[in-house]
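Residue numbers (my numbering): 1465 to 1678.
Below is one structure, written out as structure tokens, with a few remarks after it.
See below:
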């Protein structure tokens, strides 16, 4: 496996574990990225958001420290990449970072989604959009307590016809039968996990579903 592929795999694995609330595992994976690619801006930003801007100074892993002047501020708008000219990012990028650090993942997601749409080839914008998604998933899991819990309908079946749902949302709703866990619904739904979690969150906010006692 070439280095670029390995780095991308580690970043994605980190996001997966971060979404499950396994923060220490995610941090270890992102630090592995730094070992492979010391100047990887995506991993640096992820670590800065989770551990703070001085994460590198605090880290004693393997007794290694990278040059302090290479540490990139999570709130900086200008990001330097070695071997290339400085790249100037949109002012909204810094705002989105601040929102993520403040626990406002929903607002951050909106910012990064717009930025990613405006610059489809911008890896940093795409990566922060994914990090925002993971934070939203993480918040939902914390809200329900466990993916092993079972959602149940809180309204009569006849009332469901009044809901204005997309085809995907309707399918996810059809999986809620009082027996299937949140975890299994995410596995069974033919859409991306983020879409499923977003739909479940919407249904809970509409008070259409709740959580089975016990």
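We put the CB at the ideal spot given by N, CA and C, even for glycine.
For clarity, every value in this text was computed on a predicted model and none was experimentally measured.
- Note: residue 1674 is bridge-paired with 1616 in the DSSP secondary-structure output.
- Under the three-state reduction of DSSP, residue 1578 is assigned to helix.
- When DSSP states are grouped into helix, strand and coil, residue 1510 belongs to the helix group.
- Spanning the alpha carbons of residue 1674 and residue 1618 requires a straight line of approximately 6 Å.
- With respect to the 8 Å criterion, residue 1642 and residue 1621 are not classified as neighbours on the basis of their beta carbons.
- Taking residue 1576 as reference, the option from 1594, 1566, 1608, 1567 with the minimal CA-CA separation is 1594.
- Residue 1483 and residue 1624 have their C-alpha atoms roughly 30 Å apart.
- Contact check between the stretch 1592-1606 and the stretch 1559-1572: three or more CB pairs, one atom from each, fall below 8 Å, which counts as touching.
- By the neighbour-count criterion, in which a residue is buried when 16 or more other Cβ atoms sit within 10 angstroms of its Cβ, residue 1663 is buried.
- Rounded to the nearest angstrom, the gap between the Cα atoms of residue 1491 and residue 1658 is 21 Å.
- Less than 8 Å divides the Cβ of residue 1588 from the Cβ of residue 1505.
- With distances taken between CA atoms, residue 1488 lies nearest to 1511 out of 1511, 1503, 1501.
- By the Cβ-count criterion, residue 1651 is exposed, with fewer than 16 other Cβ atoms from all chains shown falling within 10 Å of its own Cβ.
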